Structures are given as structure tokens and as C-alpha cells.
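Below is one structure, written out as C-alpha cells; the observations come after it.
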Amino acid sequence: MELFKKMFGMLAVLSIGFISCQKDFTIEDGPDPVEPPGVNDSIYLNKLYQVDSVAGVNDSIFLTTFFYDGQKRVQLSTDSIKEAGGWFLFRTEKFQYSGADTIPFKKVTYDYEKALGSADPTAIDSTISYYQYNAAGRNIYDSTVEVEIENDVPPYEYTSTITVKKYQYNGNNIYGEVMVMDEIGTLMRHGRDTSITDVNGNIIASKYYMVNGAVTDLVFTNSFTYDTKIDPFCRLSICRSFDVLPFEESYQLLQGKNNRTKNIILDSGGAPYLEDNTVYTYNSINFPVKHQHTESDYPGIIFKAFYTYRAL
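The number in the working numbering is simply the position in the sequence shown, starting from 1, with 96 added.
Put into C-alpha cells, the structure is as follows:
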């Protein structure tokens, strides 16, 4: 089965959009676009620029921006894509909280990729996710409904996909189950994940199994390595909306406290499938301001990312 590799730059669990036109931004061979913290509170992510190194040029192609409320909770994250003519809206994610809670119970995503491609502003895919937690604030149940346009021209036909994830915790072990169904409830995929975490909650080893009726088959084995610095994404109120377990996909954004530096993936027979590596540059308070990402199936740096921070 194909492993869906999602670049950290795409931020599959984060978002895009809101910016329909922004100042052109180019990263040349010079100082990184870093906003050094002026006060100790400058530890909240402001913008993340992501540069496609494969393209052979240093034009930033993705921009993620975070918007906060008075309680320092992320209310909206937006992504823009850099194309000829400037920055264009690609996707938005809006987070909802119950009262003064500091972790979200709901996320609404709008994906405008098809609208950009067709110049039809109504060609929008949408996703709604709900999160349930235990008394310790850990995810125990996540559900997502994704509505996607299937055809290229109006009148559009839509398909719905329902994804349910359940989690159990036992010491440093996490057990997860994922079920993906179509709009009439037909089971399309059923998987299980068993993972081990370190003292900081980082997943260091994981096994993903595919369930086919009474048969359970090992699909992939993951091992992860981290630095000792604080992952700036774990400071965000939306950290609990990130994936608890890798499941079938390879994600950069999991719910640990440190920055992932390596992921080694083995197939069901124990043979190497993929290795990705991320190297970070830090500021004076040990927050990443830049990273470079490589993967074993492609020579050289695949993409770079540049972080900026703000005080709240």
C-alpha cells in the first residue's frame, strides 16, 4: 500500500489562506527573514515561509500565518501560495473553543485549491473536525467529515468521507484505531497503530497495521529522533488538533514537545522504505528560525522553512 508522504511544509494538520494578495517575498542568499525576539514573550509563531528547493530557485511558495485571540489561542491559521502575480489564498483553518478552554473542540477547513485552478470561487472543498479529550487533556476521540468536489465544472458533484480515530493510553504506550468510511457508512479503511513515547511525549517508535476482517497485517514501522529544543508548534493552543499517531501517513506535526530530526520507515518485511531528515537553525532562546528537509528517495534538500515569531 502506498505511503502518503506529506511534507512538513504543507502542514497537513495546519492551514492556509486568508491572504488574497501580499507583498512579494523572496529569500535570497543573505540573512534569513527572521524577526529576533524583543521580549521573552516573542515565542508564538507568527509566520512560516516554506521554500521549494527542488524548483532550483529561492522563491518562497507557501506562507502560513497564525492569528490569536486575547487568551493567546490560535483562532485562525492561513496559508497562501506564491504564484505568478503574487500570493493567492489556498486554504484556511478556523478553530473553535468552548468558553475559556485552551484547547479546541472543533476545526473548520476550507480548501480553495480547485477554485484557484478553475477561477470559480465556489469550487471549495471543506472539512469539519471534532476533538474529545480525557481529564488530562489528551485526545481520546477525533472525528472528521470531508466534503470534496469530484468534477471540474458546475453543477458540482460532492463526495463525503468520514474519518474516526480513537486513542487509549497506558504509561508511555499509545494505542490508536482509525476507520475511514464513505457517506453511506461503507468501511473503506481500517487501521491500528501502536506507539511508544519518550518522557516528553514524543513518539519514538510506531507500528501501523491494516485490518482486513479477522486478519491484521503489519504495514509500516516508524522510528523517530528529536532534538532537545522546544517545538514551537507544541506551544500553540491547537497542538491537540495535530495527529496523535502517525497511522499510515508520515507526518512532521505530531503532539510531542521537541523538533523531529529524523524518521526512518521500514516496510512490512523490515526493509528500508523511506528516511527523512530535518536540520534546524535556532535563535538565542533555542527556538527554530530555519530548517532544511531531505528525504532518502530524492537527492539534495527538498525544501526549506523560515520561522518568525511575535509577542502576545
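Even for Gly, the Cβ is constructed at its ideal location relative to N, Cα and C.
Since the model is a prediction, treat every value here as computed from it, not as a measurement.
May I ask you to verify whether the stretch 271–286 touches the stretch 252–260, counting CB pairs closer than 8 Å and requiring at least 3?
yes
Out of Leu350, Asp327, Phe343, Thr312, point me to the one whose CA is closest to Tyr403's CA.
For this step, residue 403 is matched to residue 307 along the sequence shown. The shortest Cα separation from Tyr403 among Leu350, Asp327, Phe343, Thr312 belongs to Asp327.
Just verifying my parser: in three-state terms, what is the DSSP assignment at Ala211?
Reading the sequence shown from its first residue, position 115 is the one you call residue 211. Note: Ala211 maps to helix in three-state DSSP.
According to the neighbour-count rule (16 or more other Cβ atoms, all chains shown, within 10 Å of its Cβ), is Pro132 buried or exposed?
Position 36 of the sequence shown holds residue 132. Low local confidence applies: a pLDDT of 41 at Pro132 is under 50, so the model's placement there is unreliable, with the coordinate-based value given in what follows. Pro132 comes out exposed.
Starting from Ala310, follow the beta strand (DSSP E) in both directions and report where the run begins and ends.
The sequence position of residue 310 within the sequence shown is 214, counting from 1. Looking at the DSSP string, Ala310 is not in any beta strand (DSSP E), and its letter there is neither H nor E.
List the DSSP bridge partners of Tyr226.
As a working note, residue 226 is residue 130 in the sequence shown. Note: Tyr226 sits in a beta bridge opposite Lys202, Ser239.
Taking all protein chains shown into account, decide if Asn355 is buried (16 or more other Cβ within 10 angstroms of its Cβ) or exposed.
One-based indexing of the sequence shown puts residue 355 at position 259. Buried is the call here.
Leu212 to Phe186 span [Cα, whole Å]
Mapped onto the sequence shown, residue 212 falls at position 116. Mapped onto the sequence shown, residue 186 falls at position 90. If you take the alpha carbons of Leu212 and Phe186, they lie about 8 Å apart.
Euclidean distance between Cα positions of Thr374 and Tyr227:
Here the question's residue 374 lines up with position 278 in the sequence shown. Here the question's residue 227 lines up with position 131 in the sequence shown. Rounded to the nearest angstrom, the two C-alpha atoms are 29 Å apart.
Looking only at C-alpha atoms, which of Asp197, His286, Leu141 sits nearest to Tyr232?
For this step, residue 232 is matched to residue 136 along the sequence shown. For the sequence presented, residue 232 should be read as Ala rather than Tyr. Minimum Cα distance to Ala232 is reached at Asp197.
Check Ser319 in the structure and name its three-state DSSP category.
Reading the sequence shown from its first residue, position 223 is the one you call residue 319. Three-state result, Ser319: strand.
In the DSSP assignment, what are the bridge partners of Pro368?
For this step, residue 368 is matched to residue 272 along the sequence shown. DSSP, once it has assigned bridges, lists Leu362 as partnering Pro368.
For Phe343, which of helix, strand or coil comes out of DSSP?
Taking the sequence shown and counting its residues from 1, one reaches residue 343 at position 247. Coil at Phe343, not helix or strand.
Is Ala301 near Phe320, with beta carbons less than 9 Å apart?
Here residue 301 is taken as the residue at index 205 of the sequence shown, counted from 1. Here residue 320 is taken as the residue at index 224 of the sequence shown, counted from 1. Yes, they are a contact pair.
Applying the criterion that 16 or more other CB atoms from any shown protein chain within 10 Å of the CB defines a buried residue, is Pro200 buried or exposed?
Working through the sequence shown from its first residue, we reach residue 200 at position 104. Buried, since its Cβ has 16 or more Cβ neighbours within 10 Å.
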